[in-house]
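Protein chains in written order, with the working numbering: chain D, 2 to 136; chain Z, 144 to 449.
First comes the structure, then the notes that go with it.
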Amino acid sequence: MSKIVKITKEAAEFLNKIEELSGEKITSCIQCGICSSSCPMVNEMDLMPSQIMSMTILGQKEEILESKSIWICASCFNCKVRCPRELDLAKVAEALRQVVLRTATDKININDIPEDEIMELPQIAIVAACRRLTN
Amino acid sequence: MTMKLPYYPGCTLKTKAKNFESSALEVAKSLDIELIELPRWNCCGVVSSIVSDNLIEHLAPIRNLIRVQEMNEHGLVENENRLVALCSMCFNVLKRSNLRVKENPDDMQTINDFMYKEEDYEGKVEVIHLLEILRDMGFDKVKEKVKKDISSLTIAPYYGCMLLRPKSIAIDNTEDPKIEKDLMMALGARTVENPFRKMCCGGHQTVQDKYAVARNTHTIINGARKAGADMMITSCPLCAFNLDNRQKLVKEAHPEFEHMPVLYFTQVMALAFGIDEKYMGFEDNYIDPRPLLREKGLLKAVSHKE
Ligand code: SF4
Ligand code: SF4
Numbered sequence: 002m003s004k005i006v007k008i009t010k011e012a013a014e015f016l017n018k019i020e021e022l023s024g025e026k027i028t029s030c031i032q033c034g035i036c037s038s039s040c041p042m043v044n045e046m047d048l049m050p051s052q053i054m055s056m057t058i059l060g061q062k063e064e065i066l067e068s069k070s071i072w073i074c075a076s077c078f079n080c081k082v083r084c085p086r087e088l089d090l091a092k093v094a095e096a097l098r099q100v101v102l103r104t105a106t107d108k109i110n111i112n113d114i115p116e117d118e119i120m121e122l123p124q125i126a127i128v129a130a131c132r133r134l135t136n
Numbered sequence: 144m145t146m147k148l149p150y151y152p153g154c155t156l157k158t159k160a161k162n163f164e165s166s167a168l169e170v171a172k173s174l175d176i177e178l179i180e181l182p183r184w185n186c187c188g189v190v191s192s193i194v195s196d197n198l199i200e201h202l203a204p205i206r207n208l209i210r211v212q213e214m215n216e217h218g219l220v221e222n223e224n225r226l227v228a229l230c231s232m233c234f235n236v237l238k239r240s241n242l243r244v245k246e247n248p249d250d251m252q253t254i255n256d257f258m259y260k261e262e263d264y265e266g267k268v269e270v271i272h273l274l275e276i277l278r279d280m281g282f283d284k285v286k287e288k289v290k291k292d293i294s295s296l297t298i299a300p301y302y303g304c305m306l307l308r309p310k311s312i313a314i315d316n317t318e319d320p321k322i323e324k325d326l327m328m329a330l331g332a333r334t335v336e337n338p339f340r341k342m343c344c345g346g347h348q349t350v351q352d353k354y355a356v357a358r359n360t361h362t363i364i365n366g367a368r369k370a371g372a373d374m375m376i377t378s379c380p381l382c383a384f385n386l387d388n389r390q391k392l393v394k395e396a397h398p399e400f401e402h403m404p405v406l407y408f409t410q411v412m413a414l415a416f417g418i419d420e421k422y423m424g425f426e427d428n429y430i431d432p433r434p435l436l437r438e439k440g441l442l443k444a445v446s447h448k449e
């Protein structure tokens, strides 16, 4: 039995926004799951990369933006090099993060990290985390 | 004749990864390569801007490329458009921004207009990793410089992400890289293949969720261990931190876990070239490789700064 899903105007706008920001044609995803099976962070995620794609297509904005997955993606590009549609999920995850970060929200506050830990971290870790996880 | 090349160090090689820089500069010298530090370089930004509407994050990398033009104009190098990076992250971001403006003349124009106090970037610089320089000159040239037999070492190369992905910046085959293995073999070491050699260590997630990164570290080090390695090599100070320092957390969670030293590829080169130990900076590695190297008879009993 087929199930009919009605896409609301808001859902369509969300998909458009993410396609525009990421520059990726998300609707061309064929749900093969290669991205999820190639992802080094998938065990830490609540939504698998392929689910992020299908849920973005369906405009399930709240579920995605509240997910842990978009923040735990490490931008490693493994999914991108393997996707048969050459989709770049790192860009999609970045676009999704930007939707949140551009409401003047930060995901992390560097000041919350104990000083001895900060002193241990290499500079590139701190700069990269600030770029990906703060506005 | 000495090959003089513009060189971009980046922030971490001046602070947490001084051992990477000092070993690389000495190794290069032995091979008649002079890496000349880019005057007035700035932080590259570490990660490439990957949303379509954010051009501003490409300014920092492009400004560094303008410095290469200036080095040529001021005679610091002669007709040399290659910019050498050592840190994989810097390499990735500089190369990606360079490609972005080369492929999009409008973006190049916007960036040049924005940085109106700088000379225009002409799009001629080529960002290149030291590993590529070594491969291009021929690993047999590297072999000629070997003074110490390191065949007792079994090394698992680790590539991570930033040398290989996306494909547009890859220095080797994305799925089956060999460049580090070929280099280690030229040095006379034994190599083994870690099935997780291209798996991401978790990168900057080490700031947000160090335990998630430690779980990746555990997988990657175990992969190398099972393959029979004594040590791993890398060219990325962030991978180095995650694979080396985060072993502390792995050990806390799994007391039976055995530590494994993680070295920069240039530290192994320096060892094989018989370079003074002070340039290898082993005291800055979290898991000290010296007990292992002594056991193999590759280091003197008491060494520098211990
Ligand atoms: S690999 Fe590509 S096509 Fe396959 S599910 Fe993932 S995004 Fe979709
Ligand atoms: S880029 Fe993100 S989603 Fe893709 S494989 Fe890497 S961590 Fe997973």
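All residues carry an ideal CB built from backbone N, CA and C; glycine is no exception.
Handout entry: Alpha-carbon to alpha-carbon, I293/Z and T409/Z
Key = The residue labelled residue 409/Z in the question sits at position 266 within the second sequence. The residue labelled residue 293/Z in the question sits at position 150 within the second sequence. So the alpha carbons of these two residues sit roughly 14 angstroms apart.
Practice task
Taking only the alpha-carbon atoms, compute the straight-line gap between L307/Z and S37/D and give it to the nearest angstrom.
Solution key: What you label residue 307/Z is simply residue 164 of the second sequence in a count that begins at 1. What you label residue 37/D is simply residue 36 of the first sequence in a count that begins at 1. Going from the Cα of L307/Z to the Cα of S37/D covers about 19 angstroms.
Handout entry: Given D256/Z as reference, the closest of G424/Z, L414/Z, R206/Z and Y407/Z once Cα atoms are compared
Key = Along the second sequence, read from residue 1 onward, the residue named residue 256/Z stands at position 113. For D256/Z, the nearest C-alpha among the options comes from R206/Z.
Practice task
Could you check if K324/Z is buried or exposed, using at least 16 other CB atoms within 10 Å of its CB as the buried criterion?
Solution key: Taking the first residue of the second sequence as position 1, residue 324/Z is located at position 181. Looking at its Cβ environment, which holds 16 or more other Cβ atoms inside 10 Å, K324/Z is buried.
Practice task
Report yes or no: is there a C-beta of chain D within less than 9 angstroms of the C-beta of H361/Z?
Solution key: Locating residue 361/Z in the second sequence gives position 218, counting from the first residue. So no, H361/Z is outside the interface.
Practice task
Would you identify the three-state DSSP class for T317/Z, choosing helix, strand or coil?
Solution key: Stepping through the second sequence from its first residue, residue 317/Z is reached at position 174. Reduced to three states, the DSSP call for T317/Z is coil.
Practice task
Apply the 10 Å Cβ neighbour rule to M144/Z and answer buried if 16 or more other Cβ atoms are within range, or exposed otherwise.
Solution key: On the second sequence, position 1 is the one that residue 144/Z refers to. The Cβ neighbour count for M144/Z, taken over all protein chains shown within 10 Å, is under 16; the residue is labelled exposed.
Handout entry: Among K81/D, E20/D, E118/D and R86/D, the one whose alpha carbon lies nearest that of P41/D
Key = Within the first sequence, residue 41/D is the residue found at index 40, counting from 1. Among K81/D, E20/D, E118/D and R86/D, the Cα nearest to that of P41/D is on K81/D.
Problem - Of the listed residues S165/Z, M305/Z and D279/Z, nearest to V189/Z (C-alpha basis) - result: On the second sequence, residue 189/Z is found 46 positions in, with the first residue counted as 1. V189/Z has its Cα closest to that of M305/Z, out of S165/Z, M305/Z and D279/Z.
Problem - One or two residues paired with I179/Z in a DSSP bridge - result: On the second sequence, position 36 is the one that residue 179/Z refers to. Beta-bridge pairing links I179/Z to P149/Z.
Exercise for the section: Scan the region 350 to 410 of chain Z and note each continuous alpha helix (DSSP H) run of 4 residues or more that stays entirely inside, going in chain order. Expected result: 353 to 369, 380 to 383 and 390 to 396
Exercise for the section: Tell me whether I31/D is buried or exposed, calling it buried when 16 or more other Cβ atoms sit within 10 Å of its Cβ. Expected result: Within the first sequence, the letter at position 30 stands for residue 31/D. So I31/D counts as exposed.
Problem - Spatial distance of N79/D from S192/Z (CA atoms) - result: For the purposes of this step, residue 79/D is identified with residue 78 of the first sequence, where counting begins at 1. For the purposes of this step, residue 192/Z is identified with residue 49 of the second sequence, where counting begins at 1. Approximately 17 angstroms between the Cα atoms of the pair.
Handout entry: T297/Z - partner residues in DSSP beta bridges
Key = Numbered from 1 along the second sequence, position 154 holds the residue referred to as residue 297/Z. In DSSP, T297/Z forms a bridge with R333/Z.
Problem - CB contact check: G153/Z to chain D, cutoff 9 angstroms - result: In the second sequence, counting from the first residue as 1, residue 153/Z sits at position 10. By this cut-off, G153/Z is an interface position.
Practice task
For ligand 1, enumerate in chain order all residues having a CB closer than 7 angstroms to any of its heavy atoms.
Solution key: C30/D, I31/D, Q32/D, C33/D, G34/D, I35/D, C36/D, S37/D, P50/D, S51/D, M54/D, C80/D, R83/D, C84/D, P85/D, R86/D, L88/D and L90/D
Problem - Coil, strand or helix - I205/Z by DSSP - result: Along the second sequence, read from residue 1 onward, the residue named residue 205/Z stands at position 62. Correct three-state label for I205/Z: helix.
Practice task
Report yes if the C-beta of P41/D is less than 8 angstroms from at least one heavy atom of ligand 2; otherwise report no.
Solution key: The sequence position of residue 41/D within the first sequence is 40, counting from 1. Yes; taking the cut-off as 8 angstroms, the Cβ of P41/D has a heavy atom of ligand 2 nearer than that.
Practice task
Pick helix, strand or coil for A228/Z, following the three-state DSSP scheme.
Solution key: As a working note, residue 228/Z is residue 85 in the second sequence. Of the three classes helix, strand and coil, the one that applies to A228/Z here is strand, per DSSP.
Practice task
In the DSSP assignment, find the beta strand (DSSP E) that holds I271/Z and state where it starts and stops.
Solution key: Your numbering for residue 271/Z matches position 128 in the second sequence. Looking at the DSSP string, the run of the beta strand (DSSP E) that includes I271/Z is E269 to H272.
Exercise for the section: Indicate, with yes or no, if ligand 2 has a heavy atom lying under 8 angstroms from the CB of S311/Z. Expected result: Stepping through the second sequence from its first residue, residue 311/Z is reached at position 168. False, no ligand heavy atom lies under 8 angstroms from that Cβ.
Practice task
Could you name the residues of the same chain whose beta carbon sits closer than 6 angstroms to that of A415/Z, not counting the 5 residues immediately before and after it, in chain order?
Solution key: Here residue 415/Z refers to the residue found at position 272 of the second sequence. These residues qualify, in order along the chain: V289, K291, I293 and L330.
Problem - Contact the region 157 to 169 of chain Z vs the region 414 to 428 of chain Z: 3+ CB pairs below 8 angstroms - result: Yes, since at least three Cβ pairs between the region 157 to 169 of chain Z and the region 414 to 428 of chain Z fall closer than 8 angstroms, the two stretches touch.
Problem - Contacts of K310/Z in chain D (Cβ-Cβ under 8 angstroms) - result: If you number the second sequence from 1, residue 310/Z lands on position 167. Within chain D, the residues near K310/Z are V82.
Exercise for the section: Kindly list, in the order they appear in chain A, the residues whose Cβ is closer than 9 angstroms to that of A332/Z. Expected result: The question asks about chain A, but that chain is absent: this structure's protein chains are D and Z.
Exercise for the section: Determine the direct distance from the alpha carbon of K92/D to that of A75/D, and round the result to whole angstroms. Expected result: The residue given as residue 75/D occupies position 74 in the first sequence. The residue given as residue 92/D occupies position 91 in the first sequence. If I take the Cα positions, the gap works out to 11 angstroms.
Handout entry: N235/Z (DSSP reduced to helix, strand or coil)
Key = Locating residue 235/Z in the second sequence gives position 92, where the first residue counts as 1. In the structure shown, N235/Z falls within a helical segment according to DSSP collapsed to helix, strand and coil.
Practice task
Could you tell me which of E420/Z, A332/Z, F384/Z and A171/Z sits nearest to A228/Z, measuring between CA atoms?
Solution key: Position 85 of the second sequence holds residue 228/Z. For A228/Z, the nearest C-alpha among the options comes from A171/Z.
Exercise for the section: Grab the span of the alpha helix (DSSP H) containing N79/D for me, first residue to last. Expected result: Counting from one through the first sequence, the residue named residue 79/D turns up at place 78. N79 to R83 is the extent of the alpha helix (DSSP H) around N79/D.
Exercise for the section: Taking E14/D as the query, report the chain Z residues whose CB atoms sit under 7 angstroms from its CB, ordered along the chain. Expected result: Along the first sequence, read from residue 1 onward, the residue named residue 14/D stands at position 13. Those do not exist, as E14/D stays about 16 angstroms from chain Z at its closest Cβ, beyond 7 angstroms.
Problem - Sequence-distant residues of the same chain with beta carbon closer than 7 angstroms to F460/Z, five excluded per side - result: There is simply no residue 460/Z to check, as chain Z begins at 144 and stops at 449 in what is shown.
Practice task
Report yes if the C-beta of C77/D is less than 8 angstroms from at least one heavy atom of ligand 2; otherwise report no.
Solution key: By one-based count along the first sequence, residue 77/D stands at place 76. Yes.
Problem - Interface flag, R86/D vs chain Z, CB-CB below 9 angstroms - result: To locate residue 86/D, count along the first sequence from 1; it is residue 85. So no, R86/D is outside the interface.
Exercise for the section: Confirm, please, whether the CB-CB distance from I58/D to I27/D is below 9 angstroms. Expected result: Numbered from 1 along the first sequence, position 26 holds the residue referred to as residue 27/D. Numbered from 1 along the first sequence, position 57 holds the residue referred to as residue 58/D. Yes, Cβ-Cβ distance for I27/D and I58/D is below 9 angstroms.
Practice task
Work out the CA separation of S240/Z and A13/D for me, nearest whole Å.
Solution key: Counted from its first residue, the first sequence places residue 13/D at position 12. Counted from its first residue, the second sequence places residue 240/Z at position 97. Computed Cα separation, rounded: 31 angstroms.
Handout entry: CB contact flag (R333/Z, I298/Z, <9 angstroms)
Key = Indexing the second sequence from 1 puts residue 333/Z at position 190. Indexing the second sequence from 1 puts residue 298/Z at position 155. A contact, by the Cβ cut-off of 9 angstroms.
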